[in-house]
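**Q**
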Amino acid sequence: MPKFIIKTGKYQGKTLKLPERDVTLGREPDCDIRVPDPDVSRKHCQLSTREGTLYVTDLQSRNGTYVNDQVIEAETPLKPGDLLRVGPMMFELAGPKKSIQKPSNLSPDQSAPLSDDDISTWLSEESQEEEPGKSIGDTTIISGSQLPRTEPPPPKEKKEFQSIAEEAAEIIRRHWAQVASQKQEKQ
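Here the sequence shown is numbered in full-length UniProt numbering, starting from 1 and rising by one per residue.
1) What three-state label does DSSP hand Ser181 in the structure shown?
2) Strictly by DSSP, which residues pair up with Asp32?
3) For Glu20, is the classification buried or exposed, using 16 other Cβ atoms within 10 angstroms of its Cβ as the cut-off for buried?
4) Could you compute how far the alpha carbon of Arg50 sits from the alpha carbon of Arg85?
5) Let me know if Thr53 comes out buried or exposed under the rule of 16 or more other beta-carbons within 10 Å of its beta-carbon.
6) Mark Gly13 as exposed unless 16 or more other C-beta atoms lie within 10 angstroms of its C-beta, in which case mark it buried.
7) Distance check for Thr15 and Gln128, CA to CA, integer angstroms please.
8) When we look at the beta-carbon of Pro2 and count the other beta-carbons within 10 Å, is it buried (16 or more) or exposed?
9) Return the residue from the list Asp82, Gln60 and Ser48 that minimises the CA-CA distance to Arg42.
10) Taking the continuous beta strand (DSSP E) assigned at Gly64, which residues delimit it?
11) Below 8 Å between beta carbons: does that hold for Ala94 and Ile5?
12) In terms of residue numbering, what span does the beta strand (DSSP E) encompassing Met89 cover?
13) Would you report the Cα separation of Phe161 and Lys17, rounded to the nearest angstrom?
14) How should Arg174 be labelled, buried or exposed, when 16 other C-beta atoms within 10 angstroms of its C-beta is the threshold for buried?
15) Below 6 Å CB to CB, which residues in the same chain sit around Tyr55 once its five sequence neighbours on both sides are set aside?
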């Protein structure tokens, strides 16, 4: 069962266990992990586990989903130690990281200095884990979502523009379409 360590906010250091199914992260109340922040889209990203690997897929969010500070555009596998950023929230995938073999010819006094990862592993306690269904402030895990499972939409194809002016016109058109839809939502 994958676990995330919350890296930012009021509950920094807490551990969240993910349920054994697809998990939606977003701002809407029916999301499995809810982050009520305007920088987070209603349905921001989806987490899925297959063959022991956790994958994240951006659900065409407005501000993007980031893994290790790189925006993702397709389903992306996560490894222990990877950082997932959704809006202001940052989560680290917990688990054993690749270990580095120390040379066996060193005496105990010559061993390599401890890394931050070593220290954080010692400090993380199982008692800090949060179970699905519990709210921990700005993040909630709902274990029994009644929504049917759906496939994420296919990634958008990037449009090829003939000129910078054509690309600018498209950006302006999308901006005004977004402004109009926000006005309709307020009404």
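For every residue, glycine included, the Cβ atom is placed at its ideal position computed from N, Cα and C.
**A** Reading it off the structure:
1) Here Ser181 sits in helix by DSSP.
2) Answer is none; Asp32 lacks a bridge partner.
3) Classification for Glu20: exposed.
4) Their Cα atoms are separated by approximately 21 Å.
5) Of the other Cβ atoms in all chains shown, fewer than 16 fall within 10 Å of the Cβ of Thr53; this residue is therefore exposed.
6) Label assigned to Gly13: exposed.
7) Residue placement at Gln128 cannot be trusted, given a pLDDT of 46 that sits under 50; what the coordinates show is reported in the next sentence. Each residue's alpha carbon lies about 6 Å from the other.
8) Per the 10 Å Cβ criterion, buried.
9) Residue Gln60 is the option with its Cα nearest to Arg42.
10) Counting along the chain, Gly64 falls outside any beta strand (DSSP E), and DSSP gives it neither H nor E.
11) Yes.
12) For Met89, the enclosing beta strand (DSSP E) covers residues Met89 to Leu93.
13) Distance from the CA atom of Phe161 to the CA atom of Lys17, rounded to whole angstroms, is 44 Å.
14) Burial call: exposed.
15) Ser48, Glu75 and Pro77, listed in sequence order.
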